[in-house]
Amino acid sequence: MRRVYLDHAASTPLREEARSAMLAALDVTGNASSLHGSGRHARALLEDAREQLADALDAHPGEVVFTGGGTEADHLLVSGAAALGETTGRPRVAASTVEHPAVAHAVRALGERAVWLPVDRAGVLRTSGLAQLTHEVAWASVMWANNETGALQPIGSFVQACRRAGVRAHSDAVQAVGHVPVSFADSGLDALTVSAHKLGGPVGVGALVLRRDAPLAVVSHGGGQERRLRSGTVPVALAVGFAVAASAAVAALAQEGPRLARLREVLVAGLTRVEDVRVNGPADVSPSICHVTVDGVRADDVLLLLDAAGIDCSTGSACTAGVQQPSEVVLAMGLGEEAATGSLRFSLGWTTTPADVTAVLDAWPAAVSRARAASA
609 MRRVYLDHAA
619 STPLREEARS
629 AMLAALDVTG
639 NASSLHGSGR
649 HARALLEDAR
659 EQLADALDAH
669 PGEVVFTGGG
679 TEADHLLVSG
689 AAALGETTGR
699 PRVAASTVEH
709 PAVAHAVRAL
719 GERAVWLPVD
729 RAGVLRTSGL
739 AQLTHEVAWA
749 SVMWANNETG
759 ALQPIGSFVQ
769 ACRRAGVRAH
779 SDAVQAVGHV
789 PVSFADSGLD
799 ALTVSAHKLG
809 GPVGVGALVL
819 RRDAPLAVVS
829 HGGGQERRLR
839 SGTVPVALAV
849 GFAVAASAAV
859 AALAQEGPRL
869 ARLREVLVAG
879 LTRVEDVRVN
889 GPADVSPSIC
899 HVTVDGVRAD
909 DVLLLLDAAG
919 IDCSTGSACT
929 AGVQQPSEVV
939 LAMGLGEEAA
949 TGSLRFSLGW
959 TTTPADVTAV
969 LDAWPAAVSR
979 ARAASA
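Numbering of the sequence shown is given in my numbering, commencing with residue 609 and proceeding in unit increments.
In structure tokens:
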């Protein structure tokens, strides 16, 4: 059976150019922190990758801190911000109520020091909630593109509110880079998170892009390889693959964005032809994500029926895989628990074709009908 893969927001296939670059880098012997010739060769490859990634993100190479992935980058930010606040009189950290678990759970662990920025029923940040950004808040985090609904957040308004309050601004842009235009320099943000395997790079590497004047406490101790913020030997081959994939994704964006938007329009039209199926999110949404609520079903039932038909999709963030629970994002949007347990995400990527969308729409009516019968 041919598999139709529409779960690119969880992980997208490795790009061939990234694979080739990684295979060449894997043959390089030496630790990038060593001073001998082999070490210097590895260091040169690593710094070339840093420059290439910085160029793709419109950042300075010195702002790129390689990490083990997007989750680690988010945790470095939240933990570093919380530790910093203990010494600066700004003990609180803020985040929107629809953040990725990597941010949301880290902020929630702060207890009373957490500040939550509300969203509307479309999952978009309420500007009225930005009044909570006060002199007690050290850092605030709002994701650029939501990982479940694809909702694009008003990053400009968020950054302006942070500036007025003297708060540092961070955005998890894991689902944005390569899908919508992202310029770190123009954004005004103090920090940005990006992950390789969401844009055609390898699993196991990401980056925290951090302005050189942005204060952040060190919470990862060891050799201090990455600006002393992240210790541990950097996997050069993964960094090389990451940089090549990011460069390719950003270079193709002008053509790929409209192409995915057209495919998404066809997908939305077909999915909503079935009665009581509605699309969630605002008009301003990532072209790669389509999030729907199906009345009268358990989303897991629909997912398994589609899986049996050879179609891969998801019911939410893959980072909560194996834990079946209502979507925290949908609950934060105020859509209710029934919607939170009856929603699915289809996410498109660089390998998605019109035939993939057609296959989903062919299987969709029967899957929903059978799921509703099971629920009844």
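Every residue, glycine too, gets a C-beta built ideally from N, C-alpha and C. In this text the structure is predicted, and so the values were computed from the model without any measurement.
Reduced DSSP secondary structure (H/G/I, E/B, other) of residue i
{"i": "residue 772", "result": "helix"}
{"i": "residue 955", "result": "strand"}
{"i": "residue 916", "result": "helix"}
{"i": "residue 752", "result": "coil"}
{"i": "residue 777", "result": "strand"}
{"i": "residue 725", "result": "strand"}
{"i": "residue 814", "result": "strand"}
{"i": "residue 700", "result": "strand"}
{"i": "residue 899", "result": "strand"}
{"i": "residue 672", "result": "strand"}
{"i": "residue 733", "result": "strand"}
{"i": "residue 746", "result": "strand"}
{"i": "residue 885", "result": "strand"}
{"i": "residue 767", "result": "helix"}
{"i": "residue 791", "result": "coil"}
{"i": "residue 828", "result": "coil"}
{"i": "residue 976", "result": "helix"}
{"i": "residue 878", "result": "helix"}
{"i": "residue 969", "result": "helix"}
CA-to-CA distance, residue j to residue i, given in whole angstroms
{"i": "residue 959", "j": "residue 765", "result": "34 Å"}
{"i": "residue 747", "j": "residue 789", "result": "24 Å"}
{"i": "residue 961", "j": "residue 871", "result": "8 Å"}
{"i": "residue 841", "j": "residue 675", "result": "10 Å"}
{"i": "residue 977", "j": "residue 908", "result": "14 Å"}
{"i": "residue 824", "j": "residue 688", "result": "5 Å"}
{"i": "residue 692", "j": "residue 912", "result": "45 Å"}
{"i": "residue 982", "j": "residue 949", "result": "15 Å"}
{"i": "residue 744", "j": "residue 731", "result": "26 Å"}
{"i": "residue 775", "j": "residue 640", "result": "35 Å"}
{"i": "residue 624", "j": "residue 649", "result": "24 Å"}
{"i": "residue 792", "j": "residue 716", "result": "27 Å"}
{"i": "residue 755", "j": "residue 666", "result": "22 Å"}
{"i": "residue 874", "j": "residue 781", "result": "26 Å"}
{"i": "residue 697", "j": "residue 669", "result": "31 Å"}
{"i": "residue 905", "j": "residue 622", "result": "34 Å"}
{"i": "residue 713", "j": "residue 656", "result": "34 Å"}
{"i": "residue 979", "j": "residue 934", "result": "17 Å"}
{"i": "residue 821", "j": "residue 742", "result": "21 Å"}
{"i": "residue 664", "j": "residue 838", "result": "22 Å"}
{"i": "residue 922", "j": "residue 852", "result": "28 Å"}
{"i": "residue 915", "j": "residue 879", "result": "16 Å"}
{"i": "residue 892", "j": "residue 753", "result": "10 Å"}
{"i": "residue 832", "j": "residue 826", "result": "9 Å"}
{"i": "residue 568", "j": "residue 636", "result": "Any question about residue 568 goes unanswered here, given that the chain covers just 609 to 984."}
{"i": "residue 951", "j": "residue 659", "result": "40 Å"}
Given residue i as reference, the closest of the options once Cα atoms are compared
{"i": "residue 1002", "options": "809, 972 and 833", "result": "In this structure the chain extends from 609 to 984, so residue 1002 is not present and cannot be described."}
{"i": "residue 862", "options": "957, 820, 786 and 803", "result": "786"}
{"i": "residue 828", "options": "774, 727, 683 and 730", "result": "683"}
{"i": "residue 944", "options": "820, 715, 915 and 903", "result": "903"}
{"i": "residue 848", "options": "612, 622, 626 and 613", "result": "626"}
{"i": "residue 718", "options": "677, 729, 690 and 695", "result": "690"}
{"i": "residue 770", "options": "750, 973 and 811", "result": "750"}
{"i": "residue 772", "options": "757, 738, 800 and 752", "result": "738"}
{"i": "residue 767", "options": "921, 799 and 711", "result": "799"}
{"i": "residue 854", "options": "882, 815, 830 and 885", "result": "815"}
{"i": "residue 896", "options": "762, 864 and 720", "result": "864"}
{"i": "residue 819", "options": "835, 811, 735 and 883", "result": "835"}
{"i": "residue 985", "options": "920, 975, 973 and 984", "result": "Outside the modelled stretch of the chain, which goes from 609 to 984, sits residue 985, for which no answer is possible."}
Presumed contact (8 Å Cβ cut-off) between residue i and residue j, rounded CB distance
{"i": "residue 813", "j": "residue 802", "result": "In fact, because the Cβ distance is near 10 Å, the residues do not count as touching under 8 Å."}
{"i": "residue 805", "j": "residue 619", "result": "5 Å"}
{"i": "residue 686", "j": "residue 672", "result": "No, residue 686 and residue 672 are not in contact; Cβ-Cβ is about 19 Å, not under 8 Å."}
{"i": "residue 740", "j": "residue 723", "result": "5 Å"}
{"i": "residue 858", "j": "residue 876", "result": "Not a contact, Cβ separation roughly 26 Å."}
{"i": "residue 937", "j": "residue 954", "result": "At roughly 15 Å, the Cβ-Cβ gap does not stay under 8 Å, so residue 937 and residue 954 are not in contact."}
{"i": "residue 779", "j": "residue 797", "result": "5 Å"}
{"i": "residue 889", "j": "residue 757", "result": "4 Å"}
{"i": "residue 783", "j": "residue 642", "result": "36 Å between Cβ atoms; not a contact."}
{"i": "residue 844", "j": "residue 725", "result": "Actually they are not in contact, since the Cβ atoms of residue 844 and residue 725 sit about 38 Å apart, beyond 8 Å."}
{"i": "residue 942", "j": "residue 729", "result": "5 Å"}
{"i": "residue 711", "j": "residue 918", "result": "That pair is no contact at about 34 Å."}
{"i": "residue 614", "j": "residue 964", "result": "6 Å"}
Bridge partner(s) assigned by DSSP for residue i
{"i": "residue 834", "result": "838"}
{"i": "residue 615", "result": "955"}
{"i": "residue 760", "result": "753"}
{"i": "residue 799", "result": "778 and 818"}
{"i": "residue 893", "result": "759"}
{"i": "residue 785", "result": "788"}
{"i": "residue 922", "result": "953"}
Proximity test, residue i beta-carbon vs the ligand PLP heavy atom, cut-off 8 Å
{"i": "residue 952", "result": "You won't find the ligand PLP in this model; it holds no ligand whatsoever."}
is_contact[residue i, chain D] using C-beta, thresh 9 Å
{"i": "residue 942", "result": "This model lacks chain D altogether; it includes just one protein chain."}
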